[in-house]
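Student: Let me give you the structure first, and then I'll get to my questions.
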Amino acid sequence: MSLRFSLTVMATAIASAAGCSDPSLPPVGGGGSGGAPAEGGSSMDDGGANAAGGGAGLGGGDGGSGGAITADLALTIVSPASPWSFERARLDIVADVVAPDGSLVMLERGDDILEQAAVDDLTSADRGTRRVKLQVPFLRGPFSCDVVLRAPDNREERISIDLHGGRQVASSLDRHAALFDGQLHAVGGGDPSVSTLAPTVLLTSIHARGDTFVAIDEMGDVLALDMDISSAEPWLVGEDIIAASLGGAHALLLRSDGTVVATGSNVVGQLGTGDAAAVDGFVDVEALDGIVAIAASNATSYAVRDDGVLFAWGGNEDGELGLGNEDAAAHPTPGAVPTPKPIVGVAAGRGHVLALANDGALYAWGLGTSGQLGDGSSGILASKSQPVAISTENAIVDVFANTNTSFAADGSGLLWVWGQNGLAQLGIGDTGQRTEPTQSLVGTVIGAAAGPVGGASLDSMGRFYVWGSNASGQLGLLPPPEGPERSSVPVEVVLP
């Protein structure tokens with residue numbers, strides 16, 4: 043049954059500083075690709091686009107949400123920046139504390155204590171500073187948590203962190219879309235104006251691949267979106283989905299209970315059913331539970347278990363399984379990837395994968411012809427069939443990938459980009475390929491998307507930046523020949 047979008051503005055309740063709000067946020071859709079832009083056009087110089095900044099105040103260390111100090115009691119959030127959006131079953135909150143013995147550091151949501159640690163048990167660094175890692179479980183939509191440092195005499199320091207469970211930015215072949223303040227904004231599809239859509243259900247996450255969009259609503263139902271006619275069709279209902287990933291011709295969906303459901307092509311076993319037989323509808327991925335994060339490349343699937351083990355299955359033509367070899371056989375059963383460290387997050391492009399370790403280190407493998415692995419290599423011999431360490435200036439907290447490009451966000455919200463850039467997909471001021479992480483010109487972000495012909499980001503002030511191809515007006519500018527073919531610098535699309 044088709045659900046029609048209303049063009050009225052939908053109000054959204056935002057989380058209070060100390061508590062947790064109900065999730066809320068809205069949609070867009072797929073459509074024609076609008077054709078690839080021609081090479082060699084001039085890049086657009088968008089005045090002031092580099093100053094996307096505008097994120098939350100940063101507190102010291104690598105960045106984060108800020109600091110609070112009272113005499114011998116000090117609390118600093120190292121990562122993530124606040125606000126922050128994420129889509130995995132749990133998120134690490136890293137904080138530095140200075141406190142007398144007997145103090146406690148706690149993570150609170152409303153009246154609930156989600157986790158706590160005794161300062162005495164923490165490792166002390168220079169000048170008595172101790173670092174703690176607390177884990178907040180996923181909730182769909184916007185919510186807030188407090189990190190609280192409490193001394194034995196009941197003095198305390200408290201910092202609130204605003205979070206959003208779900209992806210707030212998505213980029214397709216011909217559109218960019220952002221979820222912000224309970225509304226879904228989209229630009230492109232042949233129309234450079236911004237559409238603001240409010241569906242009959244609240245959306246909390248949006249995903250795109252090629253010219254396809256899907257969304258997850260506040261109840262965990264998945265909707266297939268059609269941007270051209272502003273409609274949404276129920277795709278998978280009643281399964282309590284918390285994350286989605288779209289591959290070349292298949293998709294993975296993560297339930298809140300840690301199990302994975304798959305649908306689509308299974309020609310190389312990417313659905314994880316134990317064979318490569320065609321499947322109608324949705325199927326459970328065999329022998330997987332306790333999963334916290336998922337990703338799908340063109341023909342390979344990935345899942346991170348809560349103990350840090352990364353599983354891969356499906357195609358392996360470019361070494362995507364990370365096992366040290368390449369082959370054209372089907373691999374229909376999930377197998378563990380031998381990663382150097384426990385993994386907490388994963389993203390996949392056309393034929394490469396990025397794996398985020400629990401200490402913020404980054405690993406990559408698979409197709410590397412366009413520098414998308416980030417290890418300094420490119421060309422026909424650059425592919426890697428085993429994980430290689432990628433050098434980054436700061437600890438990474440999230441990763442994004444699409445086709446032959448890679449993005450990573452660090453704890454202060456800075457966006458790092460590398461890989462293919464002929465259409466200005468990286469937003470770094472030129473169209474030259476990058477083989478190592480390079481800081482984007484966009485500034486700090488709360489969410490980002492690597493698309494097939496461009497990228498997009500959202501900052502804490504609701505500023506929406508896009509870059510790359512403008513073949514379908516997806517930069518909010520008239521498409522060629524009246525407008526530019528592309529922009530290699532971020533362009534702000536002003537949201538209503």
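Be aware that the sequence shown starts at 43, since it is given in the working numbering, and climbs by one per residue.
By construction, the Cβ of each residue, glycine as well, lies at the ideal position given by its N, Cα and C atoms.
Please read all numbers here as calculations on a predicted model, not as lab measurements.
Would you give the residue range spanned by the beta strand (DSSP E) that residue 400 belongs to?
Tutor: Along the sequence shown, read from residue 1 onward, the residue named residue 400 stands at position 358. First-last for residue 400: undefined, no H or E at that position.
Student: Between the beta-carbon of residue 396 and the beta-carbon of residue 404, is there less than 8 Å?
Tutor: Looking up residue 396 in the sequence shown gives position 354. Looking up residue 404 in the sequence shown gives position 362. Yes, these two residues count as a Cβ contact at 8 Å.
Student: With a CB to CB cut of under 7 Å and the five nearest residues on each side skipped, what residues in its chain are close to residue 73?
Tutor: To locate residue 73, count along the sequence shown from 1; it is residue 31. In this predicted model, residue 73 has a pLDDT of only 37, less than 50, meaning its place in the structure is not dependable; the value taken from the coordinates is given anyway. Here the set comprises 216, 217, 231, 253, 269, 270.
Student: Are there 16 or more other CB atoms within 10 angstroms of the CB of residue 126, so buried, or fewer, so exposed?
Tutor: Position 84 of the sequence shown holds residue 126. Flag for residue 126 reads buried.
Student: Using only CA atoms, which one of 317, 261, 262, 256 lies nearest to residue 289?
Tutor: In the sequence shown, residue 289 corresponds to position 247, counting from 1. Checking every option, the nearest Cα to that of residue 289 belongs to 256.
Student: Pick from 498, 346, 475, 175: whose alpha carbon is nearest that of residue 442?
Tutor: Against the sequence shown, residue 442 aligns to sequence position 400. For the options 498, 346, 475, 175, the alpha carbon positioned closest to that of residue 442 is the one of 498.
Student: Which residue or residues does DSSP assign as beta-bridge partners of residue 179?
Tutor: In the sequence shown, the residue the question calls residue 179 occupies position 137. Paired residues: 132.
Student: For residue 170, which of helix, strand or coil comes out of DSSP?
Tutor: For this step, residue 170 is matched to residue 128 along the sequence shown. Three-state DSSP puts residue 170 in a helix.
Student: Roughly how many angstroms lie between the CA atoms of residue 349 and residue 384, to the nearest whole one?
Tutor: Residue numbering aside, residue 349 sits at position 307 when the sequence shown is read from its first letter. Residue numbering aside, residue 384 sits at position 342 when the sequence shown is read from its first letter. Each residue's alpha carbon lies about 7 Å from the other.
Student: Taking 8 Å as the threshold (C-beta atoms), are residue 136 and residue 175 in contact?
Tutor: Numbered from its first residue, the sequence shown carries residue 175 at position 133. Numbered from its first residue, the sequence shown carries residue 136 at position 94. The Cβ atoms of residue 175 and residue 136 lie closer than 8 Å to each other.
Student: Under 6 Å Cβ to Cβ from residue 293, same chain only, skipping five residues before and after it: list those, please.
Tutor: Here residue 293 refers to the residue found at position 251 when the sequence shown is read from its first residue. The residues are 305, 306.
Student: Okay, do the stretch 475 to 488 and the stretch 517 to 526 touch, 3+ Cβ pairs below 8 Å being the bar?
Tutor: no
Student: Quick check on the DSSP output: the beta strand (DSSP E) that includes residue 148 runs from which residue to which?
Tutor: Residue mapping note: residue 148 aligns to position 106 of the sequence shown, counting from 1. First-last of the beta strand (DSSP E) with residue 148: 146 to 151.
Student: Classify residue 432 as buried or exposed, calling it buried when 16 or more other Cβ atoms lie within 10 Å of its own Cβ.
Tutor: Position 390 of the sequence shown, counting from 1, holds the residue named residue 432. Flag for residue 432 reads buried.
Student: In whole angstroms, what is the alpha-carbon distance linking residue 284 and residue 207?
Tutor: Taking the sequence shown and counting its residues from 1, one reaches residue 284 at position 242. Taking the sequence shown and counting its residues from 1, one reaches residue 207 at position 165. Using only the alpha carbons, I get a separation of about 8 Å.
Student: Do the CB positions of residue 22 and residue 178 come within less than 8 Å of each other?
Tutor: Since the first and last residues shown for the chain are 43 and 538, residue 22 lies out of range.
Student: Could you spell out the range, first to last residue, of the beta strand (DSSP E) harbouring residue 295?
Tutor: Position 253 of the sequence shown, counting from 1, holds the residue named residue 295. Per DSSP, residue 295 belongs to the beta strand (DSSP E) from 292 to 297.
Student: Could you give the DSSP three-state label for residue 138: helix, strand or coil?
Tutor: On the sequence shown, residue 138 is found 96 positions in, with the first residue counted as 1. Looking at residue 138 - three-state DSSP - the assignment turns out to be strand.
Student: For residue 362 and residue 434, what's the separation of their Cα atoms in angstroms?
Tutor: Reading the sequence shown from its first residue, position 320 is the one you call residue 362. Reading the sequence shown from its first residue, position 392 is the one you call residue 434. Cα to Cα, the separation comes out at about 22 Å.
Student: Do residue 236 and residue 535 come within 8 Å of each other at the CB atom, strictly closer than that value?
Tutor: For the purposes of this step, residue 535 is identified with residue 493 of the sequence shown, where counting begins at 1. For the purposes of this step, residue 236 is identified with residue 194 of the sequence shown, where counting begins at 1. Yes, these two residues count as a Cβ contact at 8 Å.
Student: Starting from residue 392, follow its DSSP beta bridges and name the residues at the other end.
Tutor: Walking along the sequence shown from the start, residue 392 turns up at place 350. Bridge partners of residue 392: none, in fact.
Student: What's the call for residue 163, buried or exposed, on a 16-neighbour Cβ count within 10 Å?
Tutor: Position 121 of the sequence shown, counting from 1, holds the residue named residue 163. By the neighbour-count rule (16 or more Cβ atoms within 10 Å), residue 163 is not buried but exposed.
Student: If you check the beta carbons only, do residue 493 and residue 213 fall under 8 Å apart?
Tutor: To locate residue 493, count along the sequence shown from 1; it is residue 451. To locate residue 213, count along the sequence shown from 1; it is residue 171. Result yes, Cβ atoms of residue 493 and residue 213 sit closer than 8 Å.
Student: CB residue 262 to CB residue 132, shorter than 8 Å?
Tutor: Locating residue 262 in the sequence shown gives position 220, counting from the first residue. Locating residue 132 in the sequence shown gives position 90, counting from the first residue. Not closer than 8 Å, so no.
Student: Return helix, strand or coil for residue 162, following the three-state DSSP convention.
Tutor: As a working note, residue 162 is residue 120 in the sequence shown. Residue 162: helix per DSSP, three-state reduction.
Student: Between the Cα of residue 115 and those of 144, 128, 393, spot the shortest distance and give me the residue it belongs to.
Tutor: To locate residue 115, count along the sequence shown from 1; it is residue 73. Among 144, 128, 393, the Cα nearest to that of residue 115 is on 144.
Student: Please state whether DSSP places residue 246 in a helix, a strand or coil.
Tutor: Residue mapping note: residue 246 aligns to position 204 of the sequence shown, counting from 1. Of the three classes helix, strand and coil, the one that applies to residue 246 here is strand, per DSSP.
Student: Please identify the residue among 301, 331, 165, 411 whose C-alpha is closest to the C-alpha of residue 446.
Tutor: Here residue 446 refers to the residue found at position 404 of the sequence shown. Among 301, 331, 165, 411, the Cα nearest to that of residue 446 belongs to 411.
Student: Let me know if residue 518 comes out buried or exposed under the rule of 16 or more other beta-carbons within 10 Å of its beta-carbon.
Tutor: For the purposes of this step, residue 518 is taken as the residue at position 476 of the sequence shown. By the 10 Å Cβ count, residue 518 comes out buried.
Student: Can you name the residues that DSSP bridges to residue 184?
Tutor: Looking up residue 184 in the sequence shown gives position 142. Partner(s): 206.
Student: Pull up the distance between the alpha-carbon of residue 465 and that of residue 513, whole angstroms please.
Tutor: As a working mapping, residue 465 is identified with position 423 in the sequence shown. As a working mapping, residue 513 is identified with position 471 in the sequence shown. So the two alpha carbons sit approximately 10 Å from each other.
Student: Which same chain residues end up closer than 7 Å to residue 538 when comparing Cβ atoms and leaving out the 5 residues on each side of it in sequence?
Tutor: Here residue 538 refers to the residue found at position 496 of the sequence shown. If we look at residue 538 and ignore the five residues flanking it on each side, its Cβ neighbours are 236, 238.
Student: What are the uninterrupted segments assigned as alpha helix (DSSP H) that are 4 or more residues long and contained completely in the stretch 457 to 495, given in chain order?
Tutor: List check, alpha helix (DSSP H) in window: nothing returned.
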